[in-house]
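Chains as they are written, first to last, in the working numbering: chain A, 28 to 356; chain B, 65 to 444.
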């Protein structure tokens with residue numbers, strides 16, 4: 028196995044453009060980090076119940092629940108954070124205001140508060156993740172080895188994490204400011220790594236490059252780029268060159284097909300195979316160009332295969348294994 | 065069951081159709097689809113305006129959308145008799161313009177400077193959807209507009225339903241109880257709410273003041289007071305555009321990719337359109353794996369590949385090409401299942417399938433090509 032990419036990281040934030048499979052990757056990462064007796068928490072904050080769908084379990088409450096066993100033993104827990112509940116938690120911890128909080132919720136006031144101040148919402152959500160992370164250093168019994176946060180998409184990630192600047196307009200001093208500072212002391216530290224999930228396509232790659240730049244400008248620690256749904260080249264380099272220059276040996280292919288027992292419509296099959304070979308080669312070449320652009324970021328780039336069968340628990344194990352092999356620790 | 069085919073040309077050629085809304089989950093190619101349809105409609109004689117929300121840089125350049133002035137710009141269409149205008153939504157600017165159009169200059173300036181307004185107009189979850197609706201309403205109402213068909217792309221929200229829900233949410237938030245109470249503290253906090261609620265409200269302002277700072281609440285108060293007297297009812301404006309979307313001359317096109325998540329989203333949206341009485345044109349499935357012709361099964365291809373790879377006289381090239389073919393057949397089969405389960409749940413919804421393209425669209429020629437594939441409606 029390769030060297031650990033992220034030693035000392037306790038909070039893994041997973042972001043990515045829509046449609047890149049960020050929730051699936053976050054789930055696989057939580058599983059990889061829990062392998063051989065670890066204990067991880069996978070958190071979601073967008074009210075989408077994406078984790079429940081990936082693990083095929085009923086919708087998650089605002090409560091930590093074990094959702095899977097990791098390879099080699101180990102526990103994957105999950106939590107769907109709701110901003111309202113996070114605010115009530117916060118009120119309880121800092122003001123001992125649990126009962127008033129419930130009254131406020133019944134009135135719709137909590138929703139109102141998080142609505143007029145979207146920054147408040149974000150600081151509550153990231154605050155919950157940091158609270159869980161800090162359990163480990165306080166050696167609390169319900170601590171985790173790592174927390175994986177299925178975070179908002181690339182376009183919003185820097186703003187979501189940079190709670191300091193988000194609340195600066197809200198509060199110069201006071202408890203929320205202190206809370207934000209506490210959150211930043213975890214998020215902007217080597218204990219956190221932000222990973223971006225992408226596909227080897229132009230648009231998601233561009234968004235990833237822009238996202239990395241934005242995160243770096245905000246001094247947020249970038250962990251790595253995870254390329255999802257890659258399809259390995261099925262042809263050799265030389266064959267791809269032949270495919271793109273229309274010089275694949277037609278005769279030879281036709282004869283081989285007959286040899287394989289495919290005797291009807293041989294010319295039609297040959298033409299189809301050649302066209303598909305061209306299509307495949309063009310796609311692979313495009314992917315190689317995009318991968319090169321990613322490599323310029325000077326970050327670990329991990330690759331996950333496209334799974335023809337779709338995503339279920341066994342494919343999560345497969346993806347987790349691929350992440351571990353590439354050093355996701 | 066085979067779904068009915070969606071013929072987009074029938075929709076864009078129908079001169080009674082004046083609005084087409086392209087919607088769906090993020091990352092399924094909504095913007096490209098909207099742009100390609102717009103170009104095709106223009107080439108087929110319609111006078112079109114396409115409102116895009118967040119186009120990729122190169123697509124924007126292809127359409128000449130380099131100036132961000134929040135008004136439609138003409139795109140030169142070389143073929144056909146129609147015309148094409150295109151614009152990219154600037155949500156803050158649209159909001160500012162609404163304020164400027166409805167308030168006298170002093171008051172407008174006061175609103176635009178308000179810190180809460182600035183936060184609301186640039187980062188409120190839902191503002192983009194609200195402003196997309198607002199802009200659509202404006203473009204539709206514009207007198208002497210050089211277009212008779214508006215094609216709108218919806219914001220890249222996490223859920224396609226946000227486009228329908230966010231405006232009402234923002235509207236009711238601004239018209240809502242708390243904001244009203246907040247703006248009229250002199251009337252006695254929460255009069256008419258009942259004693260218990262009034263007590264709750266005291267706690268509410270206390271807690272909010274504590275965690276947000278009293279200044280934020282004051283800013284919200286000034287903003288709402290200023291905006292309230294100048295133009296009534298944010299909600300009313302949102303409702304009006306919402307009603308526009310229920311009219312007969314609107315068509316929704318739900319865009320998806322042949323993946324379970326995107327299809328589930330499409331399914332929700334189709335149900336929702338039905339319950340809102342909004343006219344659905346059909347489903348467009350992008351990125352479909354195309355397979356030339358039905359020549360053999362995936363199993364046959366894989367078995368033949370195996371024979372050629374391992375025999376005494378191996379043919380590695382043909383073996384690999386056959387494996388590639390088997391792979392594509394399997395992917396298509398899986399995609400077919402995903403689409404089939406959609407059709408099972410929504411048997412009446414016509415579907416167009418668009419093959420996956422090797423590269424992103426960079427120019428009008430590329431858009432034209434996508435338009436042709438859309439019109440064809442099945443993978444080649």
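Positions of the beta carbon are idealized from the N, C-alpha and C atoms, including for glycine. On a predicted model such as this, the values are computed, not experimentally measured, just so you know.
*Length at least 4, wholly inside the region 249-325 of chain A: the alpha helix (DSSP H) runs in chain order*: Entirely contained in the region 249-325 of chain A, the alpha helix (DSSP H) runs reaching 4 residues are, in chain order, 264-271, 277-286, 293-322.
*Return no unless some Cβ of chain B is closer than 9 Å to the Cβ of residue 231 (chain A).*
Locating residue 231 (chain A) in the first chain gives position 204, counting from the first residue. At a cut-off of 9 Å between beta carbons, residue 231 (chain A) contacts chain B.
*To the nearest whole angstrom, what separates the beta carbons of residue 115 (chain B) and residue 217 (chain B), a pair I think is in contact under 8 Å?*
For the purposes of this step, residue 115 (chain B) is taken as the residue at position 51 of the second chain. For the purposes of this step, residue 217 (chain B) is taken as the residue at position 153 of the second chain. Confirmed, Cβ separation roughly 7 Å.
*Can you have a look at residue 153 (chain A) and say buried or exposed, based on whether 16 or more other CB atoms are within 10 angstroms of its CB?*
Mapped onto the first chain, residue 153 (chain A) falls at position 126. Buried.
*Hey, how far is the Cα of residue 256 (chain B) from the Cα of residue 284 (chain B)?*
Locating residue 256 (chain B) in the second chain gives position 192, where the first residue counts as 1. Locating residue 284 (chain B) in the second chain gives position 220, where the first residue counts as 1. The pLDDT assigned to residue 256 (chain B) is 48, lower than 50, so where the model puts this residue is not dependable; a value taken from the coordinates is nonetheless given after this. If I take the Cα positions, the gap works out to 22 Å.
*Could you name the residues of the region 295-324 of chain A whose beta carbon sits closer than 7 Å to any beta carbon of chain B, in the order they occur along the chain?*
Of all residues in the region 295-324 of chain A, 295, 296, 299, 300, 302, 303, 304, 306, 307, 309, 310, 313 have a Cβ within less than 7 Å of some Cβ in chain B.
*Indicate the three-state DSSP secondary structure (helix, strand or coil) for residue 36 (chain A) in the structure shown.*
Here residue 36 (chain A) is taken as the residue at index 9 of the first chain, counted from 1. DSSP, read as helix, strand or coil, puts residue 36 (chain A) in coil.
_3-residue-minimum beta strand (DSSP E) runs that sit fully inside the region 141-219 of chain A, ordered along the chain_ = Whole beta strand (DSSP E) segments, 3+ residues: 173-177.
*Along the region 416-428 of chain B, what residues have a CB closer than 8 Å to any CB found in chain A?*
Contact residues of the region 416-428 of chain B toward chain A are 422, 423, 424 (C-beta to C-beta distance below 8 Å).
*residue 169 (chain B) - DSSP class collapsed to helix/strand/coil*: Residue 169 (chain B) sits at position 105 when you count from the first residue of the second chain. Of the three classes helix, strand and coil, the one that applies to residue 169 (chain B) here is helix, per DSSP.
*asked:* Below 8 Å on the Cβ atoms is my contact criterion, and I expect residue 182 (chain B) with residue 219 (chain B) to pass it. Report the Cβ-Cβ distance as a whole number of Å.
replied: Against the second chain, residue 182 (chain B) aligns to sequence position 118. Against the second chain, residue 219 (chain B) aligns to sequence position 155. In fact, because the Cβ distance is near 20 Å, the residues do not count as touching under 8 Å.
*Candidates B:119, B:325, B:396: which alpha carbon is nearest residue 233 (chain A)'s?*
Taking the first residue of the first chain as 1, we reach residue 233 (chain A) at position 206. Nearest C-alpha to residue 233 (chain A): B:119.
*Straight-line CA distance for residue 187 (chain A) to residue 107 (chain A)?*
Stepping through the first chain from its first residue, residue 187 (chain A) is reached at position 160. Stepping through the first chain from its first residue, residue 107 (chain A) is reached at position 80. Taking C-alpha positions only, residue 187 (chain A) is separated from residue 107 (chain A) by approximately 17 Å.
*asked:* Counting only C-beta atoms, is residue 253 (chain B) closer than 9 Å to chain A at any point?
replied: If you number the second chain from 1, residue 253 (chain B) lands on position 189. Confidence is the limiting factor: at residue 253 (chain B) the pLDDT is only 45, short of 50, which leaves the residue's position unreliable and the question unanswerable from this model.
*Within 8 Å of chain B by C-beta, residues of the region 32-45 of chain A in sequence order*: Here the close residues are 44, 45.
*Starting from the C-beta of residue 338 (chain A), find all residues in its chain whose C-beta is less than 6 Å away, skip the five residues before and the five after it, and write them out in chain order.*
Mapped onto the first chain, residue 338 (chain A) falls at position 311. For residue 338 (chain A), where only same-chain residues beyond five positions count, the Cβ hits under 6 Å are 51.
_Close-in-space but distant-in-sequence residues of the same chain around residue 347 (chain A) (CB under 6 Å, 5 per side omitted)_ = Here residue 347 (chain A) refers to the residue found at position 320 when the first chain is read from its first residue. Excluding positions up to five away in sequence, the list reads 55, 58, 59.
*Could you pull the start and end residues of the beta strand (DSSP E) that residue 93 (chain A) belongs to?*
Sequence index remark: in the first chain, residue 93 (chain A) carries index 66 (1-based). First-last of the beta strand (DSSP E) with residue 93 (chain A): 92-96.
*What is the rounded straight-line gap between the Cα of residue 343 (chain B) and the Cα of residue 419 (chain B)?*
One-based indexing of the second chain puts residue 343 (chain B) at position 279. One-based indexing of the second chain puts residue 419 (chain B) at position 355. Using only the alpha carbons, I get a separation of about 26 Å.
_Could you tell me the alpha carbon to alpha carbon distance between residue 171 (chain B) and residue 302 (chain B), rounded to whole angstroms?_
Residue numbering aside, residue 171 (chain B) sits at position 107 when the second chain is read from its first letter. Residue numbering aside, residue 302 (chain B) sits at position 238 when the second chain is read from its first letter. For the pair residue 171 (chain B) and residue 302 (chain B), the Cα-to-Cα distance works out to about 22 Å.
_Starting from residue 450 (chain B), trace the alpha helix (DSSP H) in both directions and tell me its first and last residue._
Because chain B is modelled from 65 through 444, residue 450 (chain B) falls outside the range shown and cannot be assessed.
*Could you tell me whether any Cβ in chain B is nearer than 9 Å to the Cβ of residue 235 (chain A)?*
Here the question's residue 235 (chain A) lines up with position 208 in the first chain. For residue 235 (chain A), the answer is no, since every Cβ of chain B falls outside 9 Å of its Cβ.
*Do the region 85-92 of chain B and the region 321-335 of chain B touch if we need at least three Cβ pairs shorter than 8 Å?*
Enough Cβ pairs lie closer than 8 Å, so yes.
_Tell me which residues of the region 393-406 of chain B have at least one Cβ-Cβ distance to chain A shorter than 7 Å, keeping chain order._
Flagged, chain order: 394, 395, 398.
*Does residue 382 (chain B) get closer than 9 Å to chain A when you measure Cβ to Cβ?*
As a position in the second chain, residue 382 (chain B) is number 318, starting the count at 1. Yes, residue 382 (chain B) lies at the interface with chain A (some Cβ there is under 9 Å from its Cβ).
*Just the chain A side, please: which residues come within less than 8 Å of residue 326 (chain B) by C-beta, in chain order?*
Along the second chain, read from residue 1 onward, the residue named residue 326 (chain B) stands at position 262. Per Cβ cutoff of 8 Å: 46.
*Could you list which residues in chain A have their beta carbon closer than 8 Å to that of residue 389 (chain B), in chain order?*
Within the second chain, numbered from 1, the residue matching residue 389 (chain B) stands at position 325. Result: 299, 300, 303.
_Backbone CA spacing between residue 181 (chain A) and residue 44 (chain A) [nearest angstrom]_ = For this step, residue 181 (chain A) is matched to residue 154 along the first chain. For this step, residue 44 (chain A) is matched to residue 17 along the first chain. If you draw a straight line from the Cα of residue 181 (chain A) to the Cα of residue 44 (chain A), it is about 5 Å long.
*Taking the alpha carbon of residue 314 (chain B) as the point to measure from, which residue in B:163, B:227, B:366, B:215 has its own alpha carbon closest?*
The residue labelled residue 314 (chain B) in the question sits at position 250 within the second chain. Ranking B:163, B:227, B:366, B:215 by Cα distance to residue 314 (chain B) puts B:215 first.
*Using beta-carbon positions only, say whether residue 191 (chain A) and residue 178 (chain A) come within less than 9 Å of one another.*
Taking the first residue of the first chain as position 1, residue 191 (chain A) is located at position 164. Taking the first residue of the first chain as position 1, residue 178 (chain A) is located at position 151. In this structure, residue 178 (chain A) does not lie closer than 9 Å to residue 191 (chain A) by Cβ.
*Just the C-alpha distance for residue 75 (chain B) and residue 110 (chain B), rounded to the nearest angstrom, thanks.*
Here residue 75 (chain B) refers to the residue found at position 11 of the second chain. Here residue 110 (chain B) refers to the residue found at position 46 of the second chain. Roughly 11 Å separates the two Cα atoms.
*Can you tell me whether DSSP reads residue 80 (chain B) as helix, strand or coil?*
If you number the second chain from 1, residue 80 (chain B) lands on position 16. Looking at residue 80 (chain B) - three-state DSSP - the assignment turns out to be coil, as it is neither helix nor strand.
*Is the Cβ of residue 262 (chain A) closer than 9 Å to any Cβ of chain B?*
If you number the first chain from 1, residue 262 (chain A) lands on position 235. Under the 9 Å criterion on CB atoms, residue 262 (chain A) is classed as interfacial with respect to chain B.
*If you draw a straight line from the alpha carbon of residue 320 (chain A) to that of residue 86 (chain A), how long is it in whole angstroms?*
The sequence position of residue 320 (chain A) within the first chain is 293, counting from 1. The sequence position of residue 86 (chain A) within the first chain is 59, counting from 1. Distance between the alpha carbons of residue 320 (chain A) and residue 86 (chain A): 39 Å.
*Determine whether the Cβ of residue 360 (chain B) lies closer than 9 Å to any Cβ atom of chain A.*
On the second chain, residue 360 (chain B) is found 296 positions in, with the first residue counted as 1. So yes, residue 360 (chain B) belongs to the interface.
*Given that a residue counts as buried once 16 or more other Cβ atoms are within 10 Å of its Cβ, and exposed if not, what is residue 384 (chain B)?*
Taking the first residue of the second chain as position 1, residue 384 (chain B) is located at position 320. Within 10 angstroms of the beta-carbon of residue 384 (chain B) lie 16 or more other beta-carbons, which makes it buried.
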